[in-house]
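Colleague: The sequence shown begins at 1 in the numbering used here and counts up one residue at a time. The structure follows.
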Amino acid sequence: MQNDPLFYVEKFEPLQDAVDLDMATEAEKTQLVAWKKYRVLLNRVDISTAPDIAWPEAPLKKD
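Dropping the structure here:
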């Protein structure tokens, strides 16, 4: 499992493509929302608490 939070941000790009092209399933739309919420939470991380940063939990991919 990747420890870099930015690795996970890239996971939603193919999902966004599917939505943009009107090809997304309901499951993919749900996953996209979860990844976008995660990106917002990453943006709100208080880095002033380093090295004890409380990182948000990444959504799990459902196969």
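Quick reminder that beta carbons are idealized off the backbone N, C-alpha and C, glycines included. All values derive from a computational prediction rather than experimental measurement.
What separation, rounded to the nearest whole angstrom, lies between the Cα atoms of GLU10 and GLN16?
Modeller: Reading the sequence shown from its first residue, position 10 is the one you call residue 10. Reading the sequence shown from its first residue, position 16 is the one you call residue 16. So the alpha carbons of these two residues sit roughly 10 Å apart.
Colleague: Measure the Cβ-Cβ separation of PHE7 and LEU32 and say whether it is below 8 Å.
Modeller: One-based indexing of the sequence shown puts residue 7 at position 7. One-based indexing of the sequence shown puts residue 32 at position 32. No, these two residues do not count as a Cβ contact at 8 Å.
Colleague: For ASP70 and LEU41, what's the separation of their Cα atoms in angstroms?
Modeller: Outside the shown range of the chain, which is 1 to 63, sits residue 70, and nothing can be said about it.
Colleague: So, are the CB atoms of ALA27 and ALA18 less than 8 Å apart?
Modeller: For the purposes of this step, residue 27 is taken as residue 27 along the sequence shown, with counting starting at 1. For the purposes of this step, residue 18 is taken as residue 18 along the sequence shown, with counting starting at 1. Taking 8 Å as the Cβ cut-off, ALA27 and ALA18 do not qualify as a contacting pair.
Colleague: Please report the distance separating the alpha-carbon of ALA50 from that of ALA58.
Modeller: One-based indexing of the sequence shown puts residue 50 at position 50. One-based indexing of the sequence shown puts residue 58 at position 58. Taking the straight line joining both Cα atoms gives about 19 Å.
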